[in-house]
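Below is one structure, written out as structure tokens; comments come after it.
Numbering (my numbering), first residue to last: 1 to 480.
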């Protein structure tokens, strides 16, 4: 990175500090590492304040135009002796002032709701449009109702033009104001579709960290900051969340938003893994990593929610590796073979606010397999990977159980887990894992990574490299 940031008139995405003319590579206020490529993209992006102000000006202008139109109709109709035209007085008063009030309301919303500019509520958009159409239909009915044989064509056209002024103005100006964010999202998606490279052949995951890390060897730091934000990305998150909640409800499921842990950084020092975790939400995860990872990454990887997942393969007392076949009721990777786990939740926090990742994965294993805490005889982290498609970070664990595969199946069926429909297993042997991956049908990238890192930790790097070449033709990308 260069030592100087050119003047851009932009502010820090973390703390809103003015970065104009700043020398250095970090924000002096909060320490954010300045991404010059990101600043360059955002410099040409629409300004939230600018778009909000433009929308407000359009609405104020439309309101003034409608009030002026009312007085024009009033004065013009009184100066004409034709009684048919004078009949517009009362109707024009109602339509003009009603639609003008809508415009002033839109202007007020634009300038007071900083996080929802211009107006993001779909109900408001439809209400404005329906009001405009109703005003135009009412004006047409008024013209037809007052028409007579003595009324000329010019009089009728003038009445129609004045009558349609409030509804037409509301429909056009409000339509432009209320679609600004959606248009920005569509434009960004179109640009990503043109720039997206052809998918390459290889492993569907990348490895950030590999090794054996016990609870004492995994250190978690808490940060009181959030991911970077941009108005277009927030609009994309909102649009995706509404779409997916609608789909879930249509299929009899429910999506719940809740705070989850976000991975900001991961390093290994002196044989210990250090994780820097902060806060995000499940809604942000759905709107970025899960469905729009490539789009959001066009702005910056720092805008991804990066909700940290924890996943484990279960190794039973009779030497079987057990995984679960995902049901059709889950949000992603339906029907795929997967590990047992989930995201870090609020209940996984320690008293000092930091996340306890070992407590989180133990909870997930107990809930999904229907076993007690005593059934987990050993638990060790074997690495950190990312799904190449959704770019979500995932901590992988080996969970040794004190129950046999037969007993585990009985407890699983009794628990009635909704995430998995059945258990599938293979022998915990070097010659069994690769054929199991090949014949198992659809399997999540995280599940493949969990099996391969399990093998690397237990059977060595030679086995791991050979298995990867057989399955993918190359080694997975190693970030670290």
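Using N, Cα and C, we set each Cβ at its ideal position, and we do this for glycine too.
Given the structure is predicted, the values throughout are model-derived calculations rather than measurements.
Rounding to the nearest angstrom, what Cα-Cα distance links residue i and residue j in this structure?
| i | j | result |
| --- | --- | --- |
| residue 395 | residue 453 | 11 Å |
| residue 306 | residue 403 | 34 Å |
| residue 408 | residue 426 | 14 Å |
| residue 311 | residue 226 | 24 Å |
| residue 289 | residue 164 | 46 Å |
| residue 203 | residue 282 | 27 Å |
| residue 188 | residue 389 | Note that residue 188 scores a pLDDT of 46, beneath 50, so its modelled location is shaky; the value from the coordinates is reported in the next line. Approximately 19 Å, taken between the alpha carbons. |
| residue 278 | residue 140 | 58 Å |
| residue 381 | residue 397 | 4 Å |
| residue 458 | residue 400 | 13 Å |
| residue 157 | residue 105 | 31 Å |
| residue 251 | residue 473 | 39 Å |
| residue 486 | residue 129 | With the chain covering 1 to 480 only, the question about residue 486 has no answer from this structure. |
| residue 231 | residue 253 | 29 Å |
| residue 423 | residue 365 | 13 Å |
| residue 372 | residue 298 | 44 Å |
| residue 48 | residue 61 | Residue placement at residue 48 is flagged as unreliable, the pLDDT there being 48, under the threshold of 50; a coordinate-derived value is accordingly withheld. |
| residue 440 | residue 218 | 32 Å |
| residue 385 | residue 461 | 17 Å |
| residue 343 | residue 247 | 22 Å |
| residue 468 | residue 445 | 13 Å |
| residue 420 | residue 335 | 9 Å |
| residue 516 | residue 285 | The structure shown does not extend to residue 516, since the chain spans only 1 to 480, so no value can be given for it. |
| residue 207 | residue 263 | 15 Å |
| residue 261 | residue 304 | 13 Å |
| residue 314 | residue 414 | 18 Å |
| residue 406 | residue 370 | 13 Å |
| residue 437 | residue 302 | 33 Å |
| residue 348 | residue 359 | 6 Å |
| residue 354 | residue 134 | 56 Å |
Mind checking which residues open and close the beta strand (DSSP E) that includes residue i?
| i | result |
| --- | --- |
| residue 386 | 376 to 387 |
| residue 448 | Segment 445 to 459 is the alpha helix (DSSP H) holding residue 448; no beta strand (DSSP E) there. |
| residue 310 | 309 to 315 |
| residue 394 | 393 to 401 |
| residue 427 | 420 to 427 |
| residue 405 | Counting along the chain, residue 405 falls outside any beta strand (DSSP E), though it belongs to the alpha helix (DSSP H) covering 405 to 415. |
| residue 212 | 205 to 213 |
| residue 279 | 272 to 281 |
Mapping DSSP to helix, strand and coil, what is residue i?
| i | result |
| --- | --- |
| residue 340 | strand |
| residue 258 | coil |
| residue 330 | coil |
| residue 264 | strand |
| residue 217 | helix |
| residue 474 | coil |
| residue 347 | helix |
| residue 439 | helix |
| residue 133 | helix |
| residue 202 | coil |
| residue 324 | strand |
| residue 222 | strand |
Here's the rule: buried if 16 or more other CB atoms are within 10 angstroms of the residue's CB, otherwise exposed. What is residue i?
| i | result |
| --- | --- |
| residue 64 | exposed |
| residue 190 | Because the pLDDT at residue 190 is just 49, under 50, the model does not fix this residue reliably, and the value given afterwards should be weighed accordingly. Exposed, because fewer than 16 other Cβ atoms sit within 10 Å of the Cβ of residue 190. |
| residue 240 | buried |
| residue 132 | buried |
| residue 270 | exposed |
| residue 392 | buried |
| residue 416 | exposed |
| residue 295 | buried |
| residue 374 | exposed |
| residue 368 | buried |
| residue 339 | buried |
| residue 351 | exposed |
| residue 383 | buried |
Starting from residue i, trace the alpha helix (DSSP H) both ways and give me its first and last residue.
| i | result |
| --- | --- |
| residue 294 | 291 to 297 |
| residue 249 | 231 to 250 |
| residue 360 | 357 to 369 |
Select from the options the residue whose C-alpha is nearest the C-alpha of residue i.
| i | options | result |
| --- | --- | --- |
| residue 378 | 351, 338 and 316 | 316 |
| residue 429 | 406, 456 and 446 | 456 |
| residue 451 | 214, 391, 217 and 323 | 323 |
| residue 321 | 431, 133 and 242 | 431 |
| residue 257 | 267, 274, 280 and 263 | 280 |
| residue 435 | 471, 405, 243 and 464 | 471 |
| residue 205 | 329, 463 and 443 | 443 |
| residue 243 | 345, 287 and 358 | 287 |
| residue 268 | 137, 309 and 209 | 209 |
| residue 212 | 273, 433 and 339 | 273 |
| residue 309 | 329, 361, 266 and 259 | 361 |
| residue 319 | 433, 464, 350 and 413 | 433 |
| residue 220 | 276, 214 and 235 | 276 |
| residue 291 | 216, 478, 233 and 326 | 233 |
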